[in-house]
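Here's the structure, in structure tokens; my notes come after.
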Amino acid sequence: MITLTLKEQPRVPLEAEAISPDVMAKLRHDEIRAVPMFLGKRQRRLDDFFEVEGEASEDLEIRGDVGKVKWIGRGMTRGRIRVAGNAGMHLGAYMKGGTIDVSGNAADWVGGEMSGGLIRIGGNAGGQVGAAYRGSLTGMQGGTILIEGSAGLEVGMRMKRGIIAVKGSVRDFPGLQMKGGTIILGGAELRTGAWMIRGTILSLRPIPLLPTFAYNCNYNPSFLRLYAKHLQIQGFSIPHEEGDGAYLLYSGDAAVSQKGEILIWQPRASS
Amino acid sequence: MNRADFIIYWGGNPADCHPRHFTKYTLTPKGKHVPMGRKGRTMVLVDVRETPSVRAADIFLQVRPGKDFEVITTLRALVKNQPVDQARVAETGLTLAQLQDLVGRMKNARFGVIFFGMGLSMTRGKHMNSAAVLALVAELNAFTKFVCMPMRGHGNVTGADVVMRWTTGFPFGVNLCRGYPRFNPGEFSTVDLLVRGDNDAALILGADPGATMPQPAIDHLARIPTIVLDPKVTRTSRLARVHITTAAMGISAPGTVYRMDEIPLPLRPILQSPYPTDEVVIRRIHEQVKAKPAWLPASFKKVPCA
Numbered sequence: 000m001i002t003l004t005l006k007e008q009p010r011v012p013l014e015a016e017a018i019s020p021d022v023m024a025k026l027r028h029d030e031i032r033a034v035p036m037f038l039g040k041r042q043r044r045l046d047d048f049f050e051v052e053g054e055a056s057e058d059l060e061i062r063g064d065v066g067k068v069k070w071i072g073r074g075m076t077r078g079r080i081r082v083a084g085n086a087g088m089h090l091g092a093y094m095k096g097g098t099i100d101v102s103g104n105a106a107d108w109v110g111g112e113m114s115g116g117l118i119r120i121g122g123n124a125g126g127q128v129g130a131a132y133r134g135s136l137t138g139m140q141g142g143t144i145l146i147e148g149s150a151g152l153e154v155g156m157r158m159k160r161g162i163i164a165v166k167g168s169v170r171d172f173p174g175l176q177m178k179g180g181t182i183i184l185g186g187a188e189l190r191t192g193a194w195m196i197r198g199t200i201l202s203l204r205p206i207p208l209l210p211t212f213a214y215n216c217n218y219n220p221s222f223l224r225l226y227a228k229h230l231q232i233q234g235f236s237i238p239h240e241e242g243d244g245a246y247l248l249y250s251g252d253a254a255v256s257q258k259g260e261i262l263i264w265q266p267r268a269s270s
Numbered sequence: 000m001n002r003a004d005f006i007i008y009w010g011g012n013p014a015d016c017h018p019r020h021f022t023k024y025t026l027t028p029k030g031k032h033v034p035m036g037r038k039g040r041t042m043v044l045v046d047v048r049e050t051p052s053v054r055a056a057d058i059f060l061q062v063r064p065g066k067d068f069e070v071i072t073t074l075r076a077l078v079k080n081q082p083v084d085q086a087r088v089a090e091t092g093l094t095l096a097q098l099q100d101l102v103g104r105m106k107n108a109r110f111g112v113i114f115f116g117m118g119l120s121m122t123r124g125k126h127m128n129s130a131a132v133l134a135l136v137a138e139l140n141a142f143t144k145f146v147c148m149p150m151r152g153h154g155n156v157t158g159a160d161v162v163m164r165w166t167t168g169f170p171f172g173v174n175l176c177r178g179y180p181r182f183n184p185g186e187f188s189t190v191d192l193l194v195r196g197d198n199d200a201a202l203i204l205g206a207d208p209g210a211t212m213p214q215p216a217i218d219h220l221a222r223i224p225t226i227v228l229d230p231k232v233t234r235t236s237r238l239a240r241v242h243i244t245t246a247a248m249g250i251s252a253p254g255t256v257y258r259m260d261e262i263p264l265p266l267r268p269i270l271q272s273p274y275p276t277d278e279v280v281i282r283r284i285h286e287q288v289k290a291k292p293a294w295l296p297a298s299f300k301k302v303p304c305a
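Sequence order for the protein chains is R and B.
Position 129 of the first sequence, counted from 1, bears residue number 128 in numbering that gives the first Met the number 0, the numbering being contiguous throughout.
Position 257 of the second sequence, counted from 1, bears residue number 256 in numbering that gives the first Met the number 0, the numbering being contiguous throughout.
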């Protein structure tokens, strides 16, 4: 295992895409210490900012508040990164496999355009979780993002595949222009599913909807049992039993297509 | 002016903020294809409250604050004859009949324009509200000619956008730290950088963020070395470490401004100024910076990055 301990908080954001199991897996201790990172416009060495222990491992542990360290685990395909503290922007962007665990909060663009792997955030996440970068057509294309707390704007913007599950509430525009995949929310502010083409958004609490979504029916989709089983292992529970209540199904966004679906959980009124 | 017979102002008050816009460009002039002038045109104003611009409008639609995105998305659905939920439309402050009438007029126009102001682009939803207008206008071109234009303020903002665009490829929110331009509003845009405290110096040119930005951003500007180039004493220059007084553009300094429709207009000075122009100051700073040694360390072992 490689342990990186932050010496002190950098004054400006540090861009550290080299903190990834793919890069570190074959490097000796002194090579890891010399890995380049960018502090603003200046190229620096990893050991300018971190104490390094261990070598040649796919298992990384980062200690300290790395809330200003961007691009951790960029494009990783295997291994595991654990962050004991907060993580900076673009955590696990473009990742294809492996696991990232963050015990604290994460900033914007968690898992931007990822195509595989698992990201678990213990605290809150920022905006644009699993989103497409500006000008890009597709966001997340696979994998799983699990957030224990809340999240910010534009969660799952233009995502195509994969699952994003947020236990808490998210801000405006979850599932903006989404093309597929599943977003599970503990509630949302405004404009859920705006301009969605396909895909499923599931909310466990009532949410305001755009006028372009039409009510279809009340039902308990059978595919949810599968999802519930899958997410149960990760500590997320989705209600799906007939006796507990039902989902209100809305389809839209009529401004773009009618194939997207929003499911809102409605518990059975206790008599 | 020559073609548009259907004009929408959305989230703006041109009668007060762009007082010559109606008479010089959009409403009253007789155009090549609109020979009747004002009588040949229809003007719709969409805003959250009644402003002096209402008097100039044929139709005034009062939207509830923060409901613009909902209205525009509904219009997009109606343009394609898709069903919408009547009760949720009513929550926006407009009725379905009003919106259907507007869509009918938009489709029947020969040439339509939407001018959108800060009431749209700076309220909840921000860039997505503007994106909604752009999408609506793009879709209306299946039926008739339709264009849109943002109503800009503050002197030469259009010029800054245009120059950034042809130098870096992006209009704003550009980061050049890695030696090539990267664009990510939210990450690299000024307000967000300052609010998060991600920069350790600031050079401010032709702007007064101390008067317009949120308090955390202003606090950060006061904390870091801030350099202001401005002819006048502004709120920003008061909290800056350095204030270089420059000649006022268009009065005592020559230059080019870009009009709102991106037409460059040359300016000739009418007065002499004892102060240097912004351009001279920046050129001299640049020469000094160029004379400094490169920051890249000489020997670095290349490590492959994923």
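Glycine included, every Cβ here is placed at the ideal spot set by N, Cα and C.
The bridge partners DSSP lists for B:N128 come to none. With respect to chain R, the C-beta atom of B:V88 has a partner C-beta closer than 7 Å.
C-alpha of B:F169 to C-alpha of B:N80: approximately 36 Å in a straight line. Bridge pairing for R:T199: R:T181 and R:E260 [DSSP]. Boundaries of the alpha helix (DSSP H) harbouring B:V156: V156 to T167, taken from the DSSP string.
Under the Cβ distance rule, R:G39 counts among the residues neighbouring chain B, one pair being separated by less than 7 Å. Across the set B:A137, B:R164, B:G172 and B:G196, the C-alpha of B:G172 shows the shortest separation from the C-alpha of B:F187. When the beta-carbon positions are compared, B:P268 and B:T245 stay at least 7 Å from each other. The straight-line gap separating the alpha-carbon atoms of R:R41 and R:R267 is approximately 59 Å.
Of the other Cβ atoms in all chains shown, 16 or more fall within 10 Å of the Cβ of R:I261; this residue is therefore buried. Annotation: B:R283 to B:T276 spans about 11 Å, alpha carbon to alpha carbon. In the three-state reduction of the DSSP assignment, R:K6 falls in the coil class.
For the set B:T25, B:P265, B:V83 and B:T50, the Cα lying nearest the Cα of R:Q257 is the one of B:V83. The segment 130-145 of chain B makes no contact with the segment 224-244 of chain B: fewer than 3 CB pairs, one atom from each, lie closer than 8 Å.
For the segment 64-96 of chain B, the residues whose beta carbon sits under 7 Å from a beta carbon of chain R are, in order, F68, E69, T72, T73, R75, A76, Q81, P82, V83, D84, R87 and V88. In this structure R:G84 is in contact with R:V65, their Cβ atoms being roughly 6 Å apart against a cut-off of 8 Å. Residue pairing for R:C216: DSSP places it in a beta bridge opposite R:L248. Note on geometry: alpha-carbon atoms of R:M88 and B:G92 lie some 38 Å from one another. Within the segment 1-33 of chain R, those residues whose Cβ lies closer than 8 Å to any Cβ of chain B are, in chain order, R10, V11, P12, E14, E16, A17, S19, D21, V22, L26, E30 and A33.
Within the segment 154-179 of chain R, complete beta strand (DSSP E) segments of at least 3 residues are found at 160-165, given in chain order. In the structure shown, R:H28 falls within a helical segment according to DSSP collapsed to helix, strand and coil.
The continuous alpha helix (DSSP H) containing B:F68 extends over residues D67 to V78. In summary, the residues of the segment 251-264 of chain R whose CB is separated from some CB of chain B by less than 9 Å are G251, D252, A253, A254, V255 and Q257, in the order they occur in the chain.
If one requires a minimum length of 3 residues, the beta strand (DSSP E) runs lying completely within the segment 54-142 of chain R are 58-62, 79-83, 98-101 and 117-120, in chain order.
The segment 99-117 of chain R makes contact with the segment 139-150 of chain R; the number of CB pairs closer than 8 Å reaches 3 or more. Contact note: B:C147 does not reach chain R at a C-beta cutoff of 8 Å; the least C-beta distance is about 17 Å. Distance check between R:V255 and each of B:G36, B:A76 and B:N128 places B:A76 closest, using alpha-carbon atoms only. Distance from the CA atom of B:D15 to the CA atom of B:R63, rounded to whole angstroms, is 21 Å. Ranked by Cα distance from R:I71, the options R:G96, R:G198, R:E14 and R:G185 are led by R:E14. If you look at B:I217, you'll find it in the alpha helix (DSSP H) that goes Q214 to R222. Think of a sphere of 8 Å around the beta carbon of R:A193: the chain B residues whose beta carbon falls inside it are F68, T72 and M127, in chain order. Take the alpha-carbon of R:S149 and the one of B:G158: they are about 40 Å apart. Note on B:N12: 16 or more other CB atoms within 10 angstroms of its CB, so buried under the neighbour-count rule.
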